[in-house]
Amino acid sequence: IPPWKMARWMGMLVVGNMFGVLPGMAIPNKDDLGVDLGFLRPVLNPLGAAIGVWLVGNIGRWKGSIKGPLLGCYLTTPLYFFGINAGSLTTLAGAYCFRRQWRMPGPSTWSACRHFTVLLVCGLLYSSMWASYLYFNAEVNHNGDKIKLRDAVGNFLKSPLVQEFWRNVRAHWKHMQEHGF
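Numbering (my numbering), first residue to last: 1046 to 1226.
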């Protein structure tokens, strides 16, 4: 068994918390879709936390199964049904249940194309969750009013300030094309 490291433990907690909260934030509100998808939070949040713990736990010369973190994270699921947001507790249980062992050194059996494909798919999934959160759930407070971020950005881009900015950029670009730097 590899020695216990505080930095790796903290990394498991931070990444597990981040991955545990993000799926719940990405679920659209009932107002946007007309369907209440809130029942997915107790399913997706522990899954995200377990994946985050497992990812950090498998960096470098350590390896471990995802079964332990999944079990630990899903043991906290009843707390969600009592209205307790158990995000950090979920990650803590998952990190505690991660069983580490040494990874045998040797060349990777995966091709570079497979590595790239897996990283691309994971990156797109992570980006899509952030995009879903920003589009459906992110809000801006202005004078006590909550405004969806998507509406605020649209209003900002249509504002006279931004319109004048782009007119000036086009005028400078045209001047640069005619007269050079």
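All C-beta atoms, glycine included, are put in the ideal place defined by N, C-alpha and C. These numbers come from a predicted model, not from an experiment.
Item to check | Nearest neighbour of residue 1070, chosen from 1059, 1174 and 1119 [CA to CA] | outcome: Here residue 1070 refers to the residue found at position 25 of the sequence shown. Nearest option by C-alpha distance: 1174.
Item to check | Other residues of its chain near residue 1056: CB distance less than 7 angstroms, five sequence neighbours each side excluded | outcome: In the sequence shown, counting from the first residue as 1, residue 1056 sits at position 11. So the list reads 1101, once near-sequence residues are dropped.
Checklist entry - With a CB to CB cut of under 8 angstroms and the five nearest residues on each side skipped, what residues in its chain are close to residue 1138? => result Here residue 1138 refers to the residue found at position 93 of the sequence shown. Correct list, in chain order: 1117, 1118, 1120 and 1121.
Next on the checklist: Quick check on residue 1219: does DSSP put it in helix, strand or coil?
Outcome noted: The sequence position of residue 1219 within the sequence shown is 174, counting from 1. Three-state result, residue 1219: helix.
Item to check | DSSP three-state assignment for residue 1190, whether helix, strand or coil | outcome: One-based indexing of the sequence shown puts residue 1190 at position 145. It is a strand residue.
Item to check | Cβ pair count under 8 angstroms reaching 3, the region 1105-1115 against the region 1144-1155 | outcome: yes
Next on the checklist: Quick test of the definition: if touching needs 3 or more C-beta pairs under 8 angstroms, does the region 1154-1164 touch the region 1080-1096?
Outcome noted: no
Checklist entry - Alpha carbon to alpha carbon, how far is residue 1245 from residue 1197? => result Nothing about residue 1245 can be read from this structure; the chain reaches only from 1046 to 1226.
Item to check | Cα-Cα separation between residue 1224 and residue 1209, rounded to whole angstroms | outcome: Numbered from its first residue, the sequence shown carries residue 1224 at position 179. Numbered from its first residue, the sequence shown carries residue 1209 at position 164. Looking at the two C-alpha atoms, the distance is approximately 22 angstroms.
Checklist entry - For residue 1177, which residues of its own chain have a beta-carbon under 6 angstroms away from its beta-carbon, when the five flanking residues on both sides are left out? => result Translated into the one-based positions of the sequence shown, residue 1177 becomes position 132. Result list for residue 1177: 1071, in chain order.
Checklist entry - To the nearest angstrom, how far is it from the Cα of residue 1074 to the Cα of residue 1062? => result Residue numbering aside, residue 1074 sits at position 29 when the sequence shown is read from its first letter. Residue numbering aside, residue 1062 sits at position 17 when the sequence shown is read from its first letter. Answer to the nearest angstrom: the Cα atoms are 21 angstroms apart.
Item to check | Sheet register partners of residue 1185 (DSSP bridge) | outcome: Here the question's residue 1185 lines up with position 140 in the sequence shown. Note: residue 1185 sits in a beta bridge opposite 1192.
Checklist entry - For residue 1133 versus residue 1194, is the C-beta spacing smaller than 9 angstroms? => result Against the sequence shown, residue 1133 aligns to sequence position 88. Against the sequence shown, residue 1194 aligns to sequence position 149. No, the pair does not count as a contact, with Cβ atoms beyond the cut-off.
Checklist entry - Out of 1077, 1050 and 1048, which has the shortest C-alpha to C-alpha gap to residue 1180? => result As a position in the sequence shown, residue 1180 is number 135, starting the count at 1. Checked all of 1077, 1050 and 1048; the closest Cα to residue 1180 is 1077.
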